[in-house]
Amino acid sequence: MKRRRASSASTRLRRGVQLAFLLLFLGLLVFMRPRPGGVPSEWLGLFFYLDPLALLLTAVAAHAAPPTLLAALIVVVVTGALGRVFCGWVCPLGTLHAAASRAMDPWRKPRPERWSRWQTSKYYVLAAVIVTAALGLQWVALLDPIALLYRSFATAVLPATQLAVEATAGSIYQSNPGVGEWRLPALSEPVYRFLRDDVFVRPRQAFLGSGLILSFFLLTLALNAVRRRFWCRYVCPLGGLLGLFAWRPWLVRKTDAHVCNQCELCGLACHGAATDDGASGWRPQECMGCMNCTDGCPEHGVTFVFRPPWGGADREKPVDLSRRGLLGAAAAGAAAAVGLYNTPQARGVTVNPELIRPPGARREPDFLERCIACGSCMKVCPTGGLQPCLTEAGLAGLWTPRLVPRIGGCEFECNACGHVCPTEAIAPLPLTDKQRVRIGLASFDLGRCLPYAFGRECLVCEEHCPTPTKAIYFTRGEFAARDGRVVTLKQPHVDPNHCTGCGLCENVCPLRDAPAIRVRSGGESRDPKNQPFLPG
Amino acid sequence: MSRIQTRRRFMLDSAALGVAALAAPRFAPAGPTDVPVDMSIARWKPPAPSAALPDAMAARLAEAAIVQLGGMSRFVRRGDVVWIKPNIGWNRKPEHAANTHPHVVAQLVRMCQEAGAKTVKVGDNPCNDPKQCYENSGIAPAARALGAEIVFLDRDRFRNMAIGGKRLKQHPVYPELVECDLVINVPVCKHHGETEVSLCMKNYMGVVEDRGEFHQDLPATITDLTRFMKPRLCVLDATRMLVANGPTGGRLDDVRPMFTVAAGTDIVALDAFGCELLGHKPESISTVAAGRDAGLGRTDYRALSLKETELS
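Same order as they appear, the protein sequences are chains G and V.
Mapping to the working numbering: the first sequence position 270 is 270, numbers consecutive.
Mapping to the working numbering: the second sequence position 23 is 559, numbers consecutive.
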């Protein structure tokens with residue numbers, strides 16, 4: 001077994017900082033929970049505010065951006081001065097990739113991490129992303145590292161952890177093992193209760209299609225077996241964007257030509273594969289500032305120094321992008337945007353009745369211009385009804401939120417989703433405004449509804465209807481029984497003047513398989529075209 | 537060790553009280569002095585007709601109702617574990633009257649503690665998100681401040697129990713709740729679309745899971761549940777009443793001040809009283825009539841040993 005070299009102080013410092021930011025990220029994610037009687041703190045979206053890609057794409061696609069996103073300009077300035085230290089020291093996804101890379105070191109042949117031409121691919125990805133955004137689609141924002149990590153943890157990793165906890169605690173509780181008088185649940189139940197009440201949002205939380213989200217996330221991690229920090233080097237559009245700003249940083253790598261013997265050991269543990277031409281060349285746009293090179297040099301010939309950008313740039317090599325590549329990427333982005341957008345639904349020919357957007361969501365094209373599918377709204381939804389779309393909004397709306405009333409309705413006294421949306425794809429409405437927003441309209445399936453179809457009393461939907469004046473009312477109606485008797489019972493109706501489409505009725509309908517009352521998107525406030533009734 | 541004892545004691549007590557409750561109206565001589573009080577009503581006469589109910593007065597009404605009934609020590613023994621079961625069904629504020637008044641609950645917590653209860657638990661199985669219901673109803677903060685244990689009914693901890701009713705044979709019930717020495721049933725007096733009223737018997741819907749189907753026969757299922765729960769003490773909160781758009785409410789126009797708290801050992805009698813407050817004849821309400829027909833109590837509550845008081 002090969003022993004690793006002891007880490008130097010700078011490496012330990014970097015790892016400490018990375019871990020701190022990762023824990024901060026996870027902490028903010030865990031604290032992203034509904035707050036009874038209030039809205040979650042704005043600070044919970046901190047990492048999105050620091051994401052220049054989210055700012056750029058929102059600005060390009062929607063021609064506007066929430067002021068909080070302007071905090072990302074700090075990262076831009078820092079990158080201009082220090083290079084891509086965001087990637088090397090801050091980005092929580094980068095930290096996970098760094099850790100995964102290290103764990104997968106034994107599977108790769110040890111070799112100097114030389115710059116490869118393929119690393120320019122992330123700039124082309126960025127170009128394609130910007131073009132799609134300009135054409136009104138945030139689809140490739142699926143690749144934004146902060147959104148990617150947030151979505152993966154909120155809808156897949158955390159719920160999977162919750163499943164493990166619930167299953168373990170549940171089986172311990174049921175089997176009640178122990179020694180003598182002492183029972184194991186005395187230990188497991190308090191832990192479980194803490195997690196249930198203070199960490200998890202709601203019991204048995206699960207998200208539709210989370211397996212796909214998890215697979216995508218695990219794939220990005222697995223690629224580290226091919227190259228160290230594969231995602232960060234080759235794919236990440238935020239890395240590409242920051243690389244552009246790291247063109248001529250103040251903090252530069254200096255190689256002492258007198259001691260350098262081109263052994264390339266400096267490149268052995270390089271995160272960004274920023275060395276080139278033996279050890280002498282350095283590509284600042286690829287450097288993540290991990291400083292492993294300073295440790296790696298046996299001659300202590302590699303240092304980082306501050307030097308004004310107008311000084312000589314003898315050994316720094318800019319990333320050379322080809323015009324052909326950029327035009328190709330732009331064309332690909334445009335083709336993707338047009339291809340994804342050219343569906344009957346996106347063109348306004350059809351409306352998907354199942355696409356019930358959260359209250360305050362913008363009208364569909366505007367919504368897709370802003371939503372980066374980060375999953376914040378799904379994480380915070382107290383009923384768990386906000387779920388990632390698969391194809392309900394077209395491929396362009398992959399993993400954007402929709403309400404699935406069968407899983408959870410829209411809580412009447414809650415407006416959290418709009419207040420956590422980092423790009424204001426869902427507007428942060430005051431509670432009283434949110435309670436007037438209609439996200440759909442409930443209607444009965446009289447062929448299934450118990451009092452109509454089977455002559456049984458029910459009215460659970462009416463009981464749960466949360467509007468102050470109930471949108472579901474009932475009249476006495478008749479049901480002809482088989483033996484000729486006529487039964488009089490209460491039969492429910494929907495009053496469209498009061499229904500907000502919250503879906504609590506659908507959620508509690510005793511016909512669990514296919515509820516006899518369903519919410520469809522028709523009548524949603526956000527879309528003047530999707531209205532069934534004559535106004536007035 | 538102590539758990540076995542208390543459970544046995546609970547069952548014996550329940551059986552004894554059940555026999556007594558059934559036998560009392562038939563065989564006991566109706567003397568006002570030698571029978572315990574079955575039911576008590578406390579009302580507040582506001583200084584002005586438009587006066588709002590002070591929180592402290594809600595607590596005083598609850599206190600007066602229990603004291604008239606013989607005090608909490610009649611029901612709670614030193615070392616008991618008591619479960620207070622308010623209606624925390626909905627994510628609404630106290631003024632909406634969809635849930636029990638938090639200060640009625642708090643007063644009961646206090647009185648149980650003074651009577652020597654080891655633990656006082658407060659919990660319900662809400663229809664909306666439990667965390668939001670507990671906080672926004674004001675009940676969890678008020679009870680927590682007094683040191684009560686706030687319990688969330690865990691969906692994975694319900695256990696199928698033999699209900700042995702007419703309609704419900706087996707049903708998932710929350711074990712921790714039925715294993716307590718005493719369950720105090722503290723509903724809010726309010727309107728309900730399907731059953732016209734939601735009172736003490738209906739409040740037991742909050743001790744079970746999978747209750748959506750109950751609506752197909754609420755009188756029978758509620759009666760079955762009530763018999764299973766063997767009510768010993770119910771406190772009906774009519775400090776203010778939701779009179780329309782129940783049981784959820786949300787419109788202040790639908791809330792009427794009533795400044796009344798009733799307590800008693802006869803659940804049907806309390807429900808009958810609640811029906812009258814809401815403007816119904818008890819016999820016309822199917823759930824209450826079903827409880828009476830099942831022998832769970834009597835609707836003519838005035839025939840019971842009844843005490844009334846008016847606070848000012």
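Cβ atoms here follow ideal geometry from the backbone N, Cα and C, with glycine treated the same way.
Just so it is clear, the structure is predicted and the values come from calculations on it, not from any experiment.
For residue i and chain V, any beta-carbon pair shorter than 8 Å?
| i | result |
| --- | --- |
| G:Y173 | yes |
| G:C232 | no |
| G:T132 | no |
| G:H271 | no |
| G:G37 | yes |
| G:E478 | no |
| G:C465 | yes |
| G:P510 | yes |
| G:V125 | no |
| G:V494 | no |
| G:G447 | no |
| G:L184 | no |
| G:D197 | yes |
| G:V404 | no |
What is the rounded straight-line gap between the Cα of residue i and the Cα of residue j?
| i | j | result |
| --- | --- | --- |
| V:C770 | V:S734 | 14 Å |
| G:L73 | G:W231 | 23 Å |
| G:P466 | V:M593 | 29 Å |
| V:F730 | V:H751 | In the sequence under discussion, the amino acid at residue 730 of chain V is Glu, which differs from the Phe named in the question. Roughly 8 Å between the two C-alpha positions. |
| G:Q285 | G:V76 | 13 Å |
| G:R111 | G:L268 | 6 Å |
| G:L327 | G:A335 | 12 Å |
| V:T835 | V:I803 | 9 Å |
| G:V508 | G:A453 | 18 Å |
| G:T95 | G:K122 | 18 Å |
| V:I641 | V:L718 | Before going further, note that residue 641 of chain V is Val rather than Ile in the sequence given. The alpha-carbon atoms of V:V641 and V:L718 are separated by roughly 15 Å. |
| V:P565 | V:P638 | Only weak support is given to the placement of V:P565: the predicted model assigns it a pLDDT of 45, under 50, and the value that follows is read from those uncertain coordinates. About 38 Å. |
| V:A600 | V:K657 | 22 Å |
| V:C716 | G:R476 | 42 Å |
| G:L56 | V:D665 | 37 Å |
| G:K317 | G:C263 | 20 Å |
On a CA-only basis, which of the options is nearest residue i? Give me that one, please.
| i | options | result |
| --- | --- | --- |
| V:D549 | V:D616, V:M575 and V:E844 | V:D616 |
| G:H258 | G:V302, G:A273 and G:L251 | G:V302 |
| G:Q205 | V:C811, V:D692, V:K766 and V:G748 | V:D692 |
| V:N661 | V:G625, V:C811 and V:L840 | V:G625 |
| V:K843 | V:V645, V:I602, V:V824 and V:Q649 | V:I602 |
| G:Q345 | G:K529, G:A59 and G:P308 | G:K529 |
For residue i, does the count of other Cβ atoms within 10 angstroms reach 16, so buried, or fall short, so exposed?
| i | result |
| --- | --- |
| G:G38 | exposed |
| G:S619 | Within the shown structure, residues of chain G are numbered from 1 to 536, placing residue 619 of chain G beyond reach of any answer. |
| G:H63 | exposed |
| G:F25 | buried |
| V:N721 | buried |
| G:R436 | exposed |
| V:D807 | buried |
| G:N176 | exposed |
| V:A698 | exposed |
| G:P388 | buried |
| G:R227 | buried |
Using a Cβ cut-off of 8 Å (strictly closer), state whether residue i contacts chain G.
| i | result |
| --- | --- |
| V:Q668 | yes |
| V:N781 | yes |
| V:Q604 | no |
| V:F694 | no |
| V:T784 | yes |
| V:K702 | no |
| V:H637 | no |
Comparing the CB of residue i with every heavy atom of the ligand FAD, is any distance shorter than 7 Å?
| i | result |
| --- | --- |
| V:I821 | With respect to small molecules bound, the structure shown includes none, and the ligand FAD cannot be examined in it. |
(request) Would you mind listing the alpha helix (DSSP H) stretches within the stretch 283-318 of chain G that are 4+ residues and don't spill past its ends, in chain order? (result) 292-296
(message) Suppose only complete runs of 4+ residues qualify. What are the alpha helix (DSSP H) ranges in the stretch 584-659 of chain V, listed by chain order?
(response) 591-605 and 638-650
(message) Threshold first: 4 residues or longer. Then list the alpha helix (DSSP H) segments lying entirely within the stretch 801-834 of chain V, N to C.
(response) 803-813 and 822-829
(request) Could you pull out every unbroken beta strand (DSSP E) segment of at least 3 residues lying fully inside the stretch 31-63 of chain G, listed in chain order? (result) none
(request) List in chain order: all unbroken beta strand (DSSP E) runs of 3+ residues lying wholly within the stretch 228-285 of chain G. (result) 251-255
(request) Enumerate, from N- to C-terminal direction, the unbroken beta strand (DSSP E) stretches of 3 or more residues contained entirely within the stretch 710-741 of chain V. (result) 718-722, 724-728 and 732-734
(request) Any chance you could list the alpha helix (DSSP H) runs of at least 4 consecutive residues sitting entirely within the stretch 324-411 of chain G, in chain order? (result) 364-370 and 376-380
(message) My parser needs the beta strand (DSSP E) runs of 3 or more residues fully inside the stretch 460-495 of chain G; what are they?
(response) 472-480 and 486-494
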